[in-house]
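A short write-up of the structure that comes next.
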Ligand SMILES: N[C@@H](CCC(=O)N[C@@H](CS)C(=O)NCC(=O)O)C(=O)O
């Protein structure tokens with residue numbers, strides 16, 4: 239029975255899971271939950287996921303949410319090898335470090351910046367958010383110093399998490415272009431990730447266009 243996959247493609251963490259699903263080539267039963275329409279607050283959804291977030295999966299009755307947890311689970315259960323989430327202790331710890339940075343710093347800043355715009359609470363991005371994001375661009379550029387991918391020399395689930403956010407944030411917060419490692423890695427993701435356009439680009443375009451139109455009003 240295919241996995242039920244609850245998603246909304248404008249959302250960065252859903253793109254992270256889309257990219258992982260595409261890389262693994264596993265069939266899923268896609269169910270859109272539109273966060274703009276607050277569908278995550280439907281009582282049936284909250285019963286499954288009290289945090290009421292997308293993405294979420296239900297795999298043969300097993301319910302799991304949070305993009306990082308989902309990608310770790312999918313790779314651990316369905317991948318042919320461990321390349322996307324290495325078994326080697328030090329390689330895995332590095333992937334985890336990147337994931338925790340994305341989950342605790344990068345994504346929350348993106349969220350604090352985008353959500354008030356999406357819900358028309360403001361039409362500006364505060365200067366401290368711009369400065370903080372630019373600092374993060376610099377940090378991620380350093381992660382990539384001497385590394386082809388976010389956590390070393392091979393593609394891992396850390397790349398899925400980082401590209402889902404950074405491909406969106408770069409469209410609303412300037413400053414990424416001066417970071418060569420980051421620009422090379424963005425190009426590498428675009429040209430090599432499976433189903434990149436459907437899994438990430440389309441959602442990123444809608445995210446950026448919506449926020450730019452909010453800022454112009
Ligand atoms: N850390 C979570 C973040 C999930 C999250 O915050 N999702 C947002 C969309 S980007 C959401 O579902 N918001 C709707 C709500 O909170 O009701 C993950 O990686 O999955």
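Numbering (my numbering), first residue to last: 239 to 455.
Even for Gly, the Cβ is constructed at its ideal location relative to N, Cα and C.
No experiment lies behind these values; they were computed from the predicted model shown.
Start and end residues, beta strand (DSSP E) containing residue i
i: residue 270; result: 266-270
i: residue 450; result: Premise fails: residue 450 lies in the alpha helix (DSSP H), 440-453, not in any beta strand (DSSP E).
i: residue 242; result: 241-245
Run of the alpha helix (DSSP H) containing residue i, from where it starts to where it stops
i: residue 296; result: Per DSSP, residue 296 belongs to no alpha helix (DSSP H); it is in the beta strand (DSSP E), 294-297.
i: residue 306; result: 305-316
i: residue 425; result: 418-430
i: residue 374; result: 365-381
i: residue 323; result: Run containing residue 323: none; DSSP gives neither H nor E here.
i: residue 397; result: 395-410
i: residue 259; result: 250-262
i: residue 281; result: 281-286
i: residue 348; result: 345-356
Residues near residue i by beta carbon distance below 6 Å, same chain, minus five either side
i: residue 355; result: 449, 452
i: residue 303; result: 287, 291, 294
i: residue 427; result: 401
i: residue 372; result: 413
i: residue 271; result: 244, 246, 277, 278, 292
i: residue 445; result: 248, 406
i: residue 370; result: 347
i: residue 324; result: 330
Rounded C-alpha distance that separates residue i from residue j
i: residue 322; j: residue 252; result: 17 Å
i: residue 383; j: residue 419; result: 7 Å
i: residue 387; j: residue 269; result: 31 Å
i: residue 425; j: residue 409; result: 15 Å
i: residue 399; j: residue 405; result: 10 Å
i: residue 389; j: residue 380; result: 11 Å
i: residue 364; j: residue 346; result: 14 Å
i: residue 439; j: residue 430; result: 13 Å
i: residue 281; j: residue 447; result: 31 Å
i: residue 328; j: residue 433; result: 29 Å
i: residue 403; j: residue 315; result: 25 Å
i: residue 285; j: residue 274; result: 20 Å
Nearest neighbour of residue i, chosen from the options [CA to CA]
i: residue 309; options: 395, 328, 415, 325; result: 395
i: residue 250; options: 380, 260, 359, 344; result: 344
i: residue 265; options: 272, 274, 255; result: 255
i: residue 305; options: 366, 369, 342, 445; result: 342
i: residue 312; options: 440, 446, 368, 257; result: 257
i: residue 348; options: 367, 277, 362; result: 367
i: residue 296; options: 444, 239, 435, 393; result: 239
i: residue 319; options: 421, 393, 364; result: 393
i: residue 317; options: 261, 397, 335; result: 261
i: residue 377; options: 352, 416, 350; result: 416
i: residue 455; options: 421, 441, 385, 357; result: 357
i: residue 307; options: 284, 360, 283, 337; result: 337
i: residue 193; options: 281, 280, 385; result: Only positions 239 to 455 of the chain appear in the structure, and residue 193 is not among them; the question remains open.
i: residue 335; options: 403, 397, 289; result: 397
i: residue 375; options: 362, 350, 411, 360; result: 411
Residue i burial status per 10 Å Cβ neighbour count (16 or more: buried)
i: residue 331; result: exposed
i: residue 247; result: buried
i: residue 339; result: buried
i: residue 300; result: exposed
i: residue 353; result: exposed
i: residue 391; result: exposed
i: residue 360; result: exposed
Own chain partners of residue i with C-beta closer than 7 Å, once the 5 adjacent residues on each side are dropped
i: residue 242; result: 267, 269, 295, 296
i: residue 298; result: 239
Contact set for residue i: own chain, Cβ-Cβ below 8 Å, skip 5 residues either direction
i: residue 437; result: 253, 256, 257, 259, 260, 431
i: residue 263; result: 432
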